[in-house]
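Encoded structure:
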């Protein structure tokens, strides 16, 4: 942003718009270019070896992005992972690249000579020719250090998670071990052959892992193909396709007797699955809260009856509803629904000291829509009375 504001905007934005077109037109051509009839030295420096760099980063970066994207669909995840970095790359190259070109063509220059000597120093040579050079170069150094530290930290965390069979909160000691191991390997490669040796090792390790990635793609495809069948099998009779409009039957099969379906539905028991002790404790608290809310709803129903209102109370394991009737018709519906909420623990787990403890929440539903969600702690009977009056007053327009 600083570089963009420090240079003429037209100089940066005009080439940005123009360069998108040749990128789109030559994307397929350049992707298949291997330079089979040219020298090996030129091939080694060309972008066709970038795939090795990407694959070497993919094991932990892919898992890291997937974990922080929990709740997103596959379409959203793939679209974000593909297009967001591409857009950022466009802006990045447009701002820094066009700034460097403008300096070479209309300024003092010197960036080309710096690139010939050492490519990594080109950024600092460019920043040195802008205002506030001391501050910007310091910030650039800090950003680069932060990038490497966070990359190493996330890499060691993912390796530790995989080593512990998928445990999202592995021991700190083993995480430190993997971090030190990465640093040791990098230091040995740097001492043995410099930065080129480290980059070569990263690219060389990507080739065998590319075979693993092919199997991962196949397994993902097979899992997505099998998922609808698993849902159908789990759903049983209720997952069968409904008859078409007008009485035509789906797949040429006669529908089951509706009385049989209703009897199976009414007799179905909640699934008895083993859950974590924290989740079980939270559910017990919600059941106790529903019991207390039931007593509060009864008192509200008695008081409403004195004012000419009929009421009905429907209760389930984690939800209770009070319906107010006026002249036999529903006037107002008030529902309390309990649920457990577990915070994602992958990103910055130390920020939330109780990240591994689920939160017991109460959703307040009015007219079939969740209007509030509060913590179960402190939502006692008196607050139920007060909240009911507030929502009832809103509903009748007071």
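Residue numbers (my numbering): 497 to 894.
The beta carbon of each residue, even a glycine, is placed where N, CA and C say it ideally should be.
With respect to the C-alpha of residue 805, the residue from 818, 814, 812 having the closest C-alpha is 818. By the 16-neighbour rule on beta-carbons within 10 angstroms, residue 635 is exposed.
In this structure, DSSP gives residue 888 a helical state, which the three-state scheme calls helix.
Residue 551 is not a Cβ neighbour of residue 648, given a cutoff of 8 Å. At least 8 Å separates the beta-carbon of residue 775 from that of residue 811. Cα atoms of residue 511 and residue 601: separation of roughly 14 Å, rounded to the nearest angstrom. Rounded to the nearest angstrom, the gap between the Cα atoms of residue 618 and residue 506 is 23 Å.
Of the candidates 666, 568, 626, 692, the residue whose Cα lies closest to the Cα of residue 616 is 692. By the C-beta density criterion, residue 582 is exposed, having fewer than 16 other C-beta atoms within 10 angstroms.
Shown here for residue 522: not one same chain residue has a beta carbon closer than 8 Å to its own, the five before and five after excluded. In this structure, the beta-carbon distance from residue 858 to residue 884 does not fall below 8 Å. Under the 8 Å Cβ criterion, the region 570-587 does not count as touching the region 603-617, having fewer than three qualifying pairs. A Cβ-Cβ separation of about 6 Å places residue 590 in contact with residue 508 under the 8 Å criterion. At least 8 Å separates the beta-carbon of residue 622 from that of residue 641. The continuous stretches of beta strand (DSSP E) do not include residue 873, and DSSP gives it neither H nor E. Put simply, the backbone Cα of residue 823 is about 18 Å away from that of residue 863. DSSP, read as helix, strand or coil, puts residue 828 in strand. Scanning its chain for C-beta atoms nearer than 8 Å, with the 5 sequence neighbours on each side dropped, one finds around residue 500 the residues 508, 591, in chain order.
Contact between residue 814 and residue 782 holds, with the beta-carbon distance rounding to 5 Å and staying under 8 Å. If you draw a 10 Å sphere on the C-beta of residue 588, you find fewer than 16 other C-beta atoms in it, and that means exposed. Beta-bridge analysis with DSSP links residue 815 to 833.
At least 8 Å separates the beta-carbon of residue 646 from that of residue 656. Take residue 891, set aside five residues on each side of it, and the residues of its chain with a beta-carbon closer than 6 Å to its own are 828, in chain order. DSSP, read as helix, strand or coil, puts residue 859 in strand. DSSP lists 818 as the beta-bridge partner residues of residue 809. Assignment of residue 568 by DSSP, reduced to helix, strand and coil, places it in the coil class. Within the model, the alpha-carbon separation for residue 594 versus residue 702 is close to 32 Å. Apart from sequence neighbours up to five positions away, the residues of its chain that approach residue 689 with a beta-carbon distance below 8 Å are 696, ordered along the chain. Residue 878 has its alpha-carbon roughly 15 Å from the corresponding atom of residue 799. Of the candidates 610, 789, 572, 610 places its Cα closest to the Cα of residue 596. Between residue 569 and residue 562, the alpha-carbon positions lie close to 10 Å from each other.
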